[in-house]
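Note that the working numbering numbers the sequence shown so that position 271 is 338, with each residue one more than the last.
For each residue, glycine too, the CB sits at the ideal point set by N, CA and C.
Here the structure is a predicted model, which means the values were calculated and not measured.
First comes the structure, then the notes that go with it.
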Amino acid sequence: MRVLSGIQPTGRFHWGNYFGAIRQYIALQNEDEAYYFIANLHALTTIRERDVLRRNTLEAAMDLLALGLDPQKATLFVQSDVPEVSELSWILMTITSRGRLERCHAFKEKKSKGLPADMGLFTYPVLMAADILAYDSNWVPVGEDQVQHIEVCRDLAKAFNHRYGEAFVVPEARLLPHAARVPGTDGEKMSKSYNNTIEVFEDVKAMRKKVMRIETDSRPMEEPKAPEGDHLFQLCSLFVDAEKRESLADLYRRGGFGYGQVKKMLADEAESFFAAAREKRAELEAHPERVTEILADGATRARRKARAVLDRVQEACGL
Ligand code: ADP
Ligand code: TRP
Numbered sequence: 068m069r070v071l072s073g074i075q076p077t078g079r080f081h082w083g084n085y086f087g088a089i090r091q092y093i094a095l096q097n098e099d100e101a102y103y104f105i106a107n108l109h110a111l112t113t114i115r116e117r118d119v120l121r122r123n124t125l126e127a128a129m130d131l132l133a134l135g136l137d138p139q140k141a142t143l144f145v146q147s148d149v150p151e152v153s154e155l156s157w158i159l160m161t162i163t164s165r166g167r168l169e170r171c172h173a174f175k176e177k178k179s180k181g182l183p184a185d186m187g188l189f190t191y192p193v194l195m196a197a198d199i200l201a202y203d204s205n206w207v208p209v210g211e212d213q214v215q216h217i218e219v220c221r222d223l224a225k226a227f228n229h230r231y232g233e234a235f236v237v238p239e240a241r242l243l244p245h246a247a248r249v250p251g252t253d254g255e256k257m258s259k260s261y262n263n264t265i266e267v268f269e270d271v272k273a274m275r276k277k278v279m280r281i282e283t284d285s286r287p288m289e290e291p292k293a294p295e296g297d298h299l300f301q302l303c304s305l306f307v308d309a310e311k312r313e314s315l316a317d318l319y320r321r322g323g324f325g326y327g328q329v330k331k332m333l334a335d336e337a338e339s340f341f342a343a344a345r346e347k348r349a350e351l352e353a354h355p356e357r358v359t360e361i362l363a364d365g366a367t368r369a370r371r372k373a374r375a376v377l378d379r380v381q382e383a384c385g386l
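So, in C-alpha cells, the structure goes:
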C-alpha cells in the first residue's frame, strides 16, 4: 500500500506539527511505501516572496530529514519537481464542478471574511487531488481539516473512472490520531495563526524562554490541581514516558508545587527530546547539497510513477 501526504512549507515546524503530524508520517515509513512532498505549489497561494518560499522549502526538507524521515525508506520530494501533477490538475479541472469547490472551507472562509481569493486558492483542492492521484496513492494520512479535500479527490477519481474507464486508484483518508492535539503557550490549539507556537528547531535559549512564559492560572502552590485539562501538563506528557507522566500527575494532585518547577522540567525534557534531531539538523544545514541531492533523487522516483499514471490518463481521455 502506498501512503502519501503533502506538507506546506509555510514556516518552521512547531510542536503541534511534529506531534500532530510529522511524527506519524515518519512512523508510517516503516509500515508502508511512503511518499511525502513539500507542497510549494500550494504554498504559492500564500507566500509571495521568492526567497522566503525557496528557503522555507529547503528548510522543511531539512527539518523532516533531521526528525527521522529516512530517504532510503520514504520518497521525499518537492511538489513542483513533478510537473506531471500540474497537467493532471488541469485534466481534473475539466471534470470539477464549480459548486463543489465553492463549498470547500478554505475558500469559503476567505470569501466570508471578504479577503481576496484568487483562482489558486479556489482550485487548491483540485491540485491536491492531482497530488494524490498522480502516484496511485492508497492512503492519505491527514489532519481533520483536510478530510474534505480528500473527499473531493475521491469524487473526482470516481467521476473520471466512470466516464473514461478505470484510470485512477481511489484513495482513502487516514485520519491522524486525534490524541495529540497540542496546546499552545496560551492553552489554545498551537497554531501559527494564533502566535502561540514553540518551534521544534528554535534556538534552545529562545525555546526555554517561551516555555517559561507559558500561561498558567494563579492558584496557590498548596492547592491540589487536576492534571487532566491542564495545558502545561499536556505539553509535558508529550515528552516523557508513562512513569514520569504518572509521577507528575501525582504531584499535581498533591499540590504544593510551583508551575515554574514544571516549566523547567518541560524545558529540560523538550531540549533533550530534540537534541539528536538538532544535531542532525545542524549537520544538514552545513551540507545543503546533501538535501538537494535527496530531493532530486526523490523527484526522479516520484516522476517515474507520475509519468506512468499520466500516460494512462492521457490515453483514457484521448490526449
Ligand atoms: P498551523 O495551524 O500552525 O498553520 P498547519 O495547518 O500548517 O499548522 O498544520 C500542518 C499539520 O500539523 C496538519 O496536519 C495539522 O493537523 C498538524 N497540526 C498543526 N497544529 C497542530 C496541533 N496544535 N495539534 C496537533 N496537530 C497539529
Ligand atoms: N493541503 C495540505 C495541508 O495544508 C497539504 C497538501 C497538499 C496535501 N497536497 C496534498 C496533503 C496531498 C495530503 C495530500 O496540510
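Residues of the same chain with a CB within less than 6 Å of the CB of Met279, apart from the 5 flanking positions on each side, are Lys330 in chain order. Counting along the chain, no alpha helix (DSSP H) covers Val237, and no H or E run does either. Between Pro192 and His216, the CB-CB gap stays under 7 Å. The criterion of a C-beta distance shorter than 7 Å is satisfied by Leu318 and Phe324. Taking the C-beta atoms as reference points, Glu100 is found nearer than 7 Å to Arg69. For Phe80, the closest alpha carbon among the candidates Ser304, Phe268, Tyr326 is that of Phe268. DSSP, read as helix, strand or coil, puts Pro208 in strand. For Glu100, the uninterrupted beta strand (DSSP E) segment begins and ends at 100-105. Residue list for ligand 1: Gly83, Asn84, Gly87, Ala88, Gly210, Arg248, Val249, Lys256, Met257, Ser258, Lys259 (CB closer than 5 Å to any heavy atom, chain order). Cβ-Cβ distances below 8 Å link Arg241 to Val70, Trp206, Val207, Pro208, Val209 in the same chain, with the five nearest sequence neighbours on each side left out; the list follows chain order. The beta strand (DSSP E) runs lying completely inside the region 137-198 and spanning 3 residues or more are 141-145, given in chain order.
Shortest gap from the CB of Asp198 to any heavy atom of ligand 2: under 6 Å. Contact annotation: Thr124 and Pro76 have beta-carbon atoms nearer than 7 Å. Set against 6 Å, the gap from the CB of Ala106 to the closest heavy atom of ligand 2 is smaller. For Thr190, the closest C-alpha among the options Glu338, His109, Glu282 is that of His109. In the structure shown, Val219 adopts helical secondary structure according to DSSP, grouped into three states. The Cβ-Cβ distance between Ala373 and Glu233 does not fall below 7 Å. When only Cα atoms are considered, Ala334 and Lys259 end up about 20 Å apart. Contact check for Leu362 against Leu132 fails: the beta carbons are separated by 7 Å or more. A distance of 7 Å or more separates the beta carbons of Thr264 and Met274. Checking the 6 Å criterion, the Cβ of His109 is within range of a heavy atom belonging to ligand 2.
The criterion of a C-beta distance shorter than 7 Å is satisfied by Val236 and Asp203. The Cβ atoms of Ala226 and Val376 do not sit closer than 7 Å to each other. For the pair Lys175 and Ala184, the CB atoms are not nearer than the 7 Å cut-off.
With a cut-off of 6 Å, the C-beta of Ser72 is classified as near ligand 2, since at least one heavy atom of the ligand falls inside that distance.
Taking 7 Å as the cut-off, the beta carbon of Thr161 is found no closer than this to the beta carbon of Ala369. Taking C-alpha positions only, Gly73 is separated from Cys384 by approximately 27 Å. Short of 7 Å from the beta carbon of Lys347, and not among the five residues preceding or following it, lie these beta carbons of its own chain, in chain order: Ala133. The beta carbon of Gln139 is closer than 8 Å to none in its chain, skipping five residues each way along the sequence. In this structure, the C-beta of Gln215 stays at least 6 Å away from each heavy atom of ligand 2. The C-alpha of Asn84 is placed about 8 Å away from the C-alpha of Arg90.
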